[in-house]
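Trainee:
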Amino acid sequence: MHRGRLFWFPVLLTFMAFLAVAGCRAAEPTATPVPPTPTKAPFVATVAVPTVAPAATVAPAATVAPAPTRAPAPTAAPAVKFEFPKETQALLAKYPQIKWYADLTPPTTQPKYGGTFLKAGSGGFAGVAHWDPRVATAAATAGSGACYGGLLRTTVDKFGGRAAPVPLPDAAESWKRLDETTYEFKLNPNVFWHDRPPVNGRRVTAEDLKWNIEQLRDKSIYSGAFQIISDIVIKDPATLVIKTSEPYAHLLLVLSGAGVQFTAPEMEKESGGAKTWCIGFGPFVLKEYQPNADWSVEKNPKYHIKGHTGLQLPYFDGLSNVAFTDFAAAYSAFATGKTSFLPVSSGVGDAERAMNTCPTCQVIMHPGNGFDWHIAMRLDKAPFNDVRVRRALSMGMDRQDFFDSIVKGVGYVSVQQAKDSLGWDIPPSLAQRGKYLQFNLTEAKKLLAEAGYPNGFKATMDISSATSGAQLAETERLLFQWKQNLNVDVALNPLQQIAYASAYLNKTYQHMTFLSIVTPSANQDSFAYSQMHSKSGSNVYLINDPEVDKWAVAQRTTFDPVKQREAYQKLFELDEENIYRLNMVYPLLFHLIRPNVENVTPGIYSWVYSWASRSLEVGWFTN
60 MHRGRLFWFP VLLTFMAFLA VAGCRAAEPT ATPVPPTPTK APFVATVAVP
110 TVAPAATVAP AATVAPAPTR APAPTAAPAV KFEFPKETQA LLAKYPQIKW
160 YADLTPPTTQ PKYGGTFLKA GSGGFAGVAH WDPRVATAAA TAGSGACYGG
210 LLRTTVDKFG GRAAPVPLPD AAESWKRLDE TTYEFKLNPN VFWHDRPPVN
260 GRRVTAEDLK WNIEQLRDKS IYSGAFQIIS DIVIKDPATL VIKTSEPYAH
310 LLLVLSGAGV QFTAPEMEKE SGGAKTWCIG FGPFVLKEYQ PNADWSVEKN
360 PKYHIKGHTG LQLPYFDGLS NVAFTDFAAA YSAFATGKTS FLPVSSGVGD
410 AERAMNTCPT CQVIMHPGNG FDWHIAMRLD KAPFNDVRVR RALSMGMDRQ
460 DFFDSIVKGV GYVSVQQAKD SLGWDIPPSL AQRGKYLQFN LTEAKKLLAE
510 AGYPNGFKAT MDISSATSGA QLAETERLLF QWKQNLNVDV ALNPLQQIAY
560 ASAYLNKTYQ HMTFLSIVTP SANQDSFAYS QMHSKSGSNV YLINDPEVDK
610 WAVAQRTTFD PVKQREAYQK LFELDEENIY RLNMVYPLLF HLIRPNVENV
660 TPGIYSWVYS WASRSLEVGW FTN
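Under the numbering used here, think of the first position of the sequence shown as 60, with each following residue one higher.
1. Buried or exposed for residue 676, please, with buried defined as at least 16 other CB atoms from any protein chain shown within 10 angstroms of its CB.
2. Looking only at its chain, what residues have a beta carbon closer than 6 Å to the beta carbon of residue 374, apart from the 5 residues adjacent to it on each side?
3. Cα separation between residue 240 and residue 445?
4. Do the segment 157–168 and the segment 413–432 meet, that is, are 3 or more Cβ pairs less than 8 Å apart?
5. Quick one: grab the DSSP three-state call for residue 613.
6. Let me know if residue 267 comes out buried or exposed under the rule of 16 or more other beta-carbons within 10 Å of its beta-carbon.
7. Per the DSSP calculation, residue 354 is bridged to which residue(s)?
8. Can you give the beta carbon distance from residue 409 to residue 382, rounded, assuming they're within the 8 Å contact cut?
9. Are the CB atoms of residue 554 and residue 521 within a distance shorter than 8 Å?
10. Pull the bridge partners of residue 212 from the DSSP assignment, please.
11. Among 652, 573, 513 and 559, which one has its Cα closest to the Cα of residue 535?
12. By DSSP, does residue 319 sit in helix, in strand, or in coil?
13. Would the beta-carbon of residue 530 fall within 8 Å of that of residue 489?
14. Return the first residue and the last residue of the beta strand (DSSP E) that residue 278 is part of.
15. If you scan the segment 604–660 from start to end, which runs of the alpha helix (DSSP H) of 4 or more residues do you find wholly inside it?
16. Considering only C-alpha positions, which residue in the set 628, 211 and 418 is nearest to residue 234?
17. Given 7 Å as the limit, tell me if residue 507 has its C-beta closer than that to any heavy atom belonging to the ligand ATP.
18. What is the residue span of the beta strand (DSSP E) that residue 521 lies within?
19. Take residue 376 and list the residues in its own chain whose beta-carbon comes closer than 8 Å to its own, dropping the five residues that flank it on each side.
20. Kindly indicate which residue of 496, 412 and 454 has the alpha-carbon position closest to the one of residue 472.
21. Taking the alpha helix (DSSP H) that residue 470 falls in, what are its first and last residues?
22. Suppose contacts are defined by Cβ-Cβ distances below 8 Å. Is residue 215 in contact with residue 662 by that definition?
23. Between residue 640 and residue 434, which are expected to be in contact by the criterion C-beta below 8 Å, what is the C-beta distance as a whole number of angstroms?
24. Please state if the CB of residue 246 and the CB of residue 297 are separated by a distance shorter than 8 Å.
25. With a CB to CB cut of under 6 Å and the five nearest residues on each side skipped, what residues in its chain are close to residue 393?
26. Taking the straight line between their C-alpha atoms, what separation do you get for residue 583 and residue 242?
27. Considering residue 303, what are the terminal residues of the alpha helix (DSSP H) in which it resides?
28. Have a look at the DSSP bridge pairing and note the partners of residue 422.
29. Which residues in the same chain as residue 328 place their Cβ atom closer than 8 Å to its Cβ, once the five residues preceding and following it in sequence are excluded?
30. Going by Cα to Cα distance, which pick from 600, 605, 674 and 540 is closest to residue 569?
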């Protein structure tokens, strides 16, 4: 079972390496015979929800005032409140300890110092392969954010950041937008590298920060996202000015991304470079490390950030990562009290088993952003370049059957736009989705006949050979439905993970490919522009629609939150109408936390044992 749950994390590593060159490469032109007509989705509200810090906003200084360090939230309360399916409501009634991620309330207890948070690592998270965040996501996925810092940061906790990332101070203690292409950052003078050779705890300088941003732009897996930065100017030792080549509303989110981590420049001259050790300015200092195995960190005594009560962060004395071979071993460790935290992404069955094992544990349930199951089709080739075929395949999917048999009613129809960008708290039900996501064999057969396939057709679908469990069960059930109902015969093509990822990243898959990862980035632009714009190298679907391009550009070039929301809604509607992706059913996710752990929680973009591990700086033990 473990392989099926975590097969996509090695794929994620390959994906991020691909972004280094793909971010700027244009996609091949494609055609859609039937012009797109946006659906009218009345349930999506157009409520003003800011997605960037306002032009004149200055984030509070984190090291001076004892007030909260959190900057103004980029999104307001969700604009739309859907209802849970009856099965999910029954689960919540049976287990009152389950809390929906959006309903968490701030802690009422005061932070306490002490203790070591024990983090289980398994699969793609078992251990850190190396510590260079520029060349692969191996470090970030396994928790390197605990020791690295950046110009800005994000935090996922009970105070916020769970539904949408919030840019917060780090090496920059405040910032302001001078115009649509220029930001000015005031630097915190009390930021120091970890006290270890070759830097020996020296002060972090503007030159260090500029060097790291240039590295990310020019020589990293994130270069595609950072290419929009045209200039970095050191105005004075305490001021950094960053310019973009065009108006870009998401710059702060890019700079505060969980995987954007700064290394000491001196490490370049060391044997093995930054891969050998984490020397950053984050909340924890690396103490022990074995590649792809156990590692531990201890609190940074010179850390520059204070918490919501004015107390110095972090509260934990340290963190320890214990590597396990698989999920079963990690589950056993949690069940016997050897770890502090357990993620369950395999469905309600394992979640119930874990809750029965630890009935006093905190349980947080949430959807995801960026890894909902779906199927890509080659939109540049027949038969998938005909929208009638895509609609027929979608209407030939009995998603209610997937709800009943695969996720036991505790899930939702996958969504390829960021849920927070649409103002959603709970994802909409199947009945509330678009016309072409409803099961309708009569219409599906009619569309196939109109497209010239009255007797169906044959195709292949790439899938990772590591796929198992619910992912494989749902996929096989879908192929059976298509064959039985539409005479569409799709054969699975299992590939080793590297070959599988290479095929879709390089757009060489023959007909179709199963996908889980949409984007590893924690900002809405990745869902809208990177995945959908015809000129984006990360558009693995080969979407080529002028109307999509229009709205994908609109959401990133306007700073008006109302116009941004309108653009996201239009992109969602275009996707529902034209079926650029075939959305499957995805299970809700569960995270179990020991009852004596406070202010440790997942978000829908990232989890604290992985990308959001820096958020452990704000957690504490109550006893």
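Yeah, the Cβ is synthetic: ideal placement off N, Cα and C, and Gly gets one too.
Mentor: The structure says:
1. As a working note, residue 676 is residue 617 in the sequence shown. Residue 676 should be labelled buried.
2. Here residue 374 corresponds to residue number 315 of the sequence shown, with the count starting at 1. Excluding positions up to five away in sequence, the list reads 170, 172 and 679.
3. Here residue 240 corresponds to residue number 181 of the sequence shown, with the count starting at 1. Here residue 445 corresponds to residue number 386 of the sequence shown, with the count starting at 1. Going by the C-alpha atoms only, they are around 40 Å apart.
4. yes
5. Counted from its first residue, the sequence shown places residue 613 at position 554. In this structure, residue 613 counts as helix in the three-state DSSP scheme.
6. Numbered from 1 along the sequence shown, position 208 holds the residue referred to as residue 267. Answer is buried; the Cβ neighbour count reaches 16.
7. Here the question's residue 354 lines up with position 295 in the sequence shown. 348 and 380.
8. Translated into positions along the sequence shown, residue 409 becomes position 350. Translated into positions along the sequence shown, residue 382 becomes position 323. Residue 409 to residue 382, Cβ: 20 Å. No contact.
9. As a working mapping, residue 521 is identified with position 462 in the sequence shown. As a working mapping, residue 554 is identified with position 495 in the sequence shown. In this structure, residue 554 lies closer than 8 Å to residue 521 by Cβ.
10. Here residue 212 refers to the residue found at position 153 of the sequence shown. Answer by DSSP bridge pairing, in chain order: 227.
11. Here residue 535 is taken as the residue at index 476 of the sequence shown, counted from 1. That would be 573, whose Cα lies nearest to the Cα of residue 535.
12. Counting from 1 along the sequence shown, the entry for residue 319 is found at position 260. Coil.
13. To locate residue 530, count along the sequence shown from 1; it is residue 471. To locate residue 489, count along the sequence shown from 1; it is residue 430. Against a cut-off of 8 Å, the Cβ pair of residue 489 and residue 530 comes out as no contact.
14. Your numbering for residue 278 matches position 219 in the sequence shown. Per DSSP, residue 278 belongs to no beta strand (DSSP E) and is neither H nor E.
15. 605–616 and 620–637
16. The residue labelled residue 234 in the question sits at position 175 within the sequence shown. With distances taken between Cα atoms, residue 234 lies closest to 211.
17. Ligands in the displayed structure: none, and consequently the ligand ATP is not present.
18. What you label residue 521 is simply residue 462 of the sequence shown in a count that begins at 1. First-last of the beta strand (DSSP E) with residue 521: 517–523.
19. Taking the sequence shown and counting its residues from 1, the one referred to as residue 376 is at position 317. 172, 173, 174, 175, 357 and 358, listed in sequence order.
20. As a working note, residue 472 is residue 413 in the sequence shown. Among 496, 412 and 454, the Cα nearest to that of residue 472 is on 496.
21. As a working note, residue 470 is residue 411 in the sequence shown. Segment 470–472 is the beta strand (DSSP E) holding residue 470; no alpha helix (DSSP H) there.
22. Locating residue 215 in the sequence shown gives position 156, counting from the first residue. Locating residue 662 in the sequence shown gives position 603, counting from the first residue. Cβ distance < 8 Å, so residue 215 and residue 662 count as in contact.
23. For the purposes of this step, residue 640 is taken as residue 581 along the sequence shown, with counting starting at 1. For the purposes of this step, residue 434 is taken as residue 375 along the sequence shown, with counting starting at 1. Residue 640 to residue 434, Cβ: 7 Å. Contact.
24. The sequence position of residue 297 within the sequence shown is 238, counting from 1. The sequence position of residue 246 within the sequence shown is 187, counting from 1. Yes, Cβ-Cβ distance for residue 297 and residue 246 is below 8 Å.
25. Numbered from 1 along the sequence shown, position 334 holds the residue referred to as residue 393. So the qualifying residues of the chain are 401.
26. The residue labelled residue 583 in the question sits at position 524 within the sequence shown. The residue labelled residue 242 in the question sits at position 183 within the sequence shown. When rounded, the distance between both Cα atoms is 20 Å.
27. What you label residue 303 is simply residue 244 of the sequence shown in a count that begins at 1. Note, residue 303: premise wrong, no alpha helix (DSSP H); beta strand (DSSP E) at 298–303.
28. For the purposes of this step, residue 422 is taken as the residue at position 363 of the sequence shown. According to DSSP, which records beta bridges pairwise, residue 422 is partnered with 157 and 651.
29. Locating residue 328 in the sequence shown gives position 269, counting from the first residue. So the list reads 257, once near-sequence residues are dropped.
30. Sequence index remark: in the sequence shown, residue 569 carries index 510 (1-based). Residue 600 is the option with its Cα nearest to residue 569.
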